[in-house]
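J.:
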Amino acid sequence: MKKFLLLAVLALGLVACGQKEEAKVEEATQVEQAVETPAAEEEVITFTREDGEANIVVKSSDKFETATIVIEDQEYAAKRVEAADGVKVATEDEKISVHFKNDYGVLEMDGTEVNLTVVKE
């Protein structure tokens, strides 16, 4: 009989502990829902070409996983590709790419490379 009472008390204790955990989980979920996620800011980097022609603009709102390359008012959709160092975004057909790190970059268009420098604002 003592064993039965001991098991009943232990079972009751475990059930009571389990209910408290569920209450905490529900409370945490409500707090998470109350916090709003801030909207992603668009990052814009403007480069000047070494040859002095047009400025190149690279825009992204997801840390350059996808980007828009703007050359002379023409926009090209691009996505991040593998690079040894820095960030490299390229169009689907890889005819246009911009590879940059810190204040320097390289624009590659149809096999021709042009050095770029970030325009400080």
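Residue 0 is where the sequence shown starts when you use numbering that gives the first Met the number 0, and the numbers rise one by one after that. In this text, a Cβ means the ideal position worked out from N, Cα and C, and glycines have one as well.
Along the chain, which unbroken stretches of the beta strand (DSSP E) at least 3 residues long are found entirely within the stretch 61-119?
T.: Fully enclosed beta strand (DSSP E) runs of 3 or longer: 65-70, 73-80, 86-89, 95-100, 103-108, 111-117.
J.: When the Cα of residue 104 is compared with those of 115, 94, 110, which residue comes out closest?
T.: Among 115, 94, 110, the Cα nearest to that of residue 104 belongs to 115.
J.: Given this structure, state the Cα-to-Cα distance separating residue 69 from residue 75, to the nearest angstrom.
T.: Going from the Cα of residue 69 to the Cα of residue 75 covers about 6 Å.
J.: What first and last residue would you give for the beta strand (DSSP E) that runs through residue 42?
T.: Looking at the DSSP string, the run of the beta strand (DSSP E) that includes residue 42 is 42-48.
J.: Among 88, 95, 108, 109, which residue has its Cα nearest to the Cα of residue 61?
T.: Ranking the options by Cα distance to residue 61, first place goes to 88.
J.: Is residue 63 near residue 55, with beta carbons less than 8 Å apart?
T.: Their beta carbons are not under 8 Å apart, which means residue 63 does not touch residue 55 by this criterion.
J.: With a threshold of 8 Å between beta-carbons, can residue 2 be considered close to chain E, or not?
T.: Given the protein chain composition of this structure (a single chain), no chain E is represented.
J.: How many angstroms separate the CA atom of residue 119 from the CA atom of residue 51?
T.: So the alpha carbons of these two residues sit roughly 16 Å apart.
J.: Residues in its own chain within less than 6 Å of residue 94 by CB, not counting five upstream and five downstream?
T.: Contacts found: 109.
J.: Should residue 106 go down as buried or exposed, given a rule of 16 or more other Cβ atoms within 10 Å for buried?
T.: Counting Cβ neighbours within 10 Å, residue 106 comes out buried, since at least 16 surround it.
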